[in-house]
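J.: Could you have a look at this structure, given as structure tokens, before my questions?
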Amino acid sequence: MNIELPREITQEEIETYHRDGVVLLEGMFDDGWIELLKQGLHINCEKPTRRARTWDRDSQNRTMFWDSQAWRGIKEYQQFIFHSPAAQLAGKLLRSKEINFFFDAVFVRSPGAQFSTPWHQDEPYWSIEGYDTCTIWMPLVPVKKESALAYVPGSHLSSQVFDQYNFGDLNPDGKTDVDQVNFSGIAEESIPDIDENPERYGVVSWDMEPGDCIAFNSRILHGGSGKLAEDQDLRVFTSKWVGDDVRIKFRECGMDPDHSDIMTQYGLKPGERLGTELYPRVWPKS
Ligand SMILES: O=C(O)CCC(=O)C(=O)O
240 MNIELPREIT QEEIETYHRD GVVLLEGMFD DGWIELLKQG LHINCEKPTR RARTWDRDSQ
300 NRTMFWDSQA WRGIKEYQQF IFHSPAAQLA GKLLRSKEIN FFFDAVFVRS PGAQFSTPWH
360 QDEPYWSIEG YDTCTIWMPL VPVKKESALA YVPGSHLSSQ VFDQYNFGDL NPDGKTDVDQ
420 VNFSGIAEES IPDIDENPER YGVVSWDMEP GDCIAFNSRI LHGGSGKLAE DQDLRVFTSK
480 WVGDDVRIKF RECGMDPDHS DIMTQYGLKP GERLGTELYP RVWPKS
């Protein structure tokens, strides 16, 4: 398994990341990492965490499963977080001195699932605030452009506060104790209907193979993934990384995933940097 990046991240890729808020990076993780994450995901689906939830279940029992912060119980995820080139990748793109791991999230669609992730920005849901964030979105199976996660380039630079979706409503099995958000009190406008006119927003997405990844800023508008062919599943592992300017923030509108309780348990307070064994500093390697 490659521990270092298989090649240098180019200046152009770094500039694209900062200009567009998103960049496709092909062939960054070798088969060893993909197999390891597939094993981890298998364990994760068999033994979900308390946060896990089915987001969608249709009349043909096709599902979309989500889980988050499972890494502490899954050694395959730990190996990826501490030893894969992911942290280094985030550090190079963010031009940060230090990178901490924030959390993992998985998005698993059964073959033919038609559920499409609502368009949203991540940062307003999170228990942190800052520009220096990077999600690494990795499909563990091939995915076509029309089913992959899509992005509005440049939208990470806008300061608009949107009335975003409450993902807690995605709960067909009626799970209790689900994180909820309500942006209506603070939102300046509704989230635009991007699917109605993707050209107008310059929406981008890509055909991808296992080993490719997309790195994106948590402020970018993204969504639209899903709508699979009958025989096609989609298993995605994402890791969230934070750099120099990120600080803890607890939001009155709610958070999802809400880390405020666990942060408080670990002695972390609003305004502080992430740290402790919960959000380990992974790069540079000590
Ligand atoms: O893969 C998906 O459908 C959604 C991923 C996403 O929204 C995220 O990683 O922030």
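Residue numbers (the working numbering): 240 to 525. C-beta: ideal position from N, C-alpha, C; glycine also. In this text the structure is predicted, and so the values were computed from the model without any measurement.
Near Ser444, what residues of its chain come up, given a Cβ to Cβ distance below 6 Å and the 5 sequence neighbours on each side ignored?
T.: On the sequence shown, position 205 is the one that residue 444 refers to. For Ser444, where only same-chain residues beyond five positions count, the Cβ hits under 6 Å are Lys384, Ala387 and Ala389.
J.: For Leu275, collect the residues of the same chain with a Cβ closer than 8 Å to its Cβ; drop the 5 residues on either side in sequence, then sort them by chain order.
T.: Numbered from its first residue, the sequence shown carries residue 275 at position 36. Same-chain partners within the cutoff: Met240, Glu315, Gln318 and Phe319.
J.: Mapping DSSP to helix, strand and coil, what is Thr356?
T.: Here residue 356 corresponds to residue number 117 of the sequence shown, with the count starting at 1. Coil at Thr356, not helix or strand.
J.: Residues bridged to His461 by DSSP?
T.: By 1-based counting over the sequence shown, the position of residue 461 is 222. Per DSSP, His359 and Tyr390.
J.: For Gly260, count the other beta carbons within 10 Å of its own beta carbon; 16 or more makes it buried, fewer makes it exposed. Which is it?
T.: As a position in the sequence shown, residue 260 is number 21, starting the count at 1. Gly260 comes out buried.
J.: Can you grab the Cα-Cα spacing for the pair Phe321 / Thr374, in whole Å?
T.: In the sequence shown, residue 321 corresponds to position 82, counting from 1. In the sequence shown, residue 374 corresponds to position 135, counting from 1. The straight-line gap from Cα to Cα measures roughly 16 Å.
J.: Can you tell me which of the three DSSP states Ser429 falls into?
T.: Here residue 429 refers to the residue found at position 190 when the sequence shown is read from its first residue. The answer is strand: DSSP assigns Ser429 an E or B state.
J.: Which runs of the beta strand (DSSP E) spanning at least 3 residues fall entirely within the region 241–300, listed in chain order?
T.: 261–264 and 292–296
J.: If you follow the beta strand (DSSP E) that Thr515 is part of, which residue opens it and which one closes it?
T.: Position 276 of the sequence shown holds residue 515. Segment: none, Thr515 is in no beta strand (DSSP E) and carries neither H nor E.
J.: Note down the Cα distance separating Ile338 from Asp297, rounded to an integer number of angstroms.
T.: On the sequence shown, residue 338 is found 99 positions in, with the first residue counted as 1. On the sequence shown, residue 297 is found 58 positions in, with the first residue counted as 1. Straight-line Cα distance between these residues: approximately 39 Å.
J.: Just to confirm, is the Cβ distance from Cys492 to Val417 under 8 Å?
T.: On the sequence shown, position 253 is the one that residue 492 refers to. On the sequence shown, position 178 is the one that residue 417 refers to. No, these two residues do not count as a Cβ contact at 8 Å.
J.: Please classify Ser478: does DSSP put it in a helix, a strand, or coil?
T.: In the sequence shown, residue 478 corresponds to position 239, counting from 1. Three-state result, Ser478: strand.
J.: Starting from Phe319, trace the alpha helix (DSSP H) both ways and give me its first and last residue.
T.: On the sequence shown, position 80 is the one that residue 319 refers to. Run containing Phe319: Lys314 to His322, per the alpha helix (DSSP H) assignment.
J.: Given a threshold of 16 other Cβ atoms within 10 Å of its Cβ, counted over all protein chains shown, does Ala202 qualify as buried or as exposed?
T.: Nothing about residue 202 can be read from this structure; the chain reaches only from 240 to 525.
J.: Would the region 493–504 and the region 361–381 be scored as touching if the rule is three or more Cβ pairs under 8 Å?
T.: Contact between the region 493–504 and the region 361–381 is present, because at least three Cβ pairs lie under 8 Å.
J.: Between the C-alpha atoms of Arg181 and Phe341, what's the straight-line distance to the nearest angstrom?
T.: Residue 181 falls outside the range modelled here, since the chain spans only 240 to 525, and no answer is possible.
J.: Using the Cβ count rule (16 or more neighbours within 10 Å means buried), how would you classify Ser478?
T.: In the sequence shown, counting from the first residue as 1, residue 478 sits at position 239. Burial call: buried.
J.: Is the closest heavy atom of ligand 1 to the C-beta of Phe346 under 7 Å?
T.: Against the sequence shown, residue 346 aligns to sequence position 107. At least one heavy atom of ligand 1 is nearer than 7 Å to the Cβ of Phe346, so yes.
J.: Does the distance between the C-beta of Ser499 and the nearest non-hydrogen atom of ligand 1 fall short of 7 Å?
T.: Locating residue 499 in the sequence shown gives position 260, where the first residue counts as 1. Answer for Ser499: no, Cβ out of range of ligand 1.
J.: Between the Cα of Glu254 and those of Val400, Phe346 and Phe455, spot the shortest distance and give me the residue it belongs to.
T.: By 1-based counting over the sequence shown, the position of residue 254 is 15. Closest in alpha carbon position to Glu254, among Val400, Phe346 and Phe455, is Phe455.
J.: Determine the closest residue to Phe401 out of Pro509, Leu409, Leu460 and Thr249, with distance taken between C-alpha atoms.
T.: By 1-based counting over the sequence shown, the position of residue 401 is 162. Nearest C-alpha to Phe401: Leu460.
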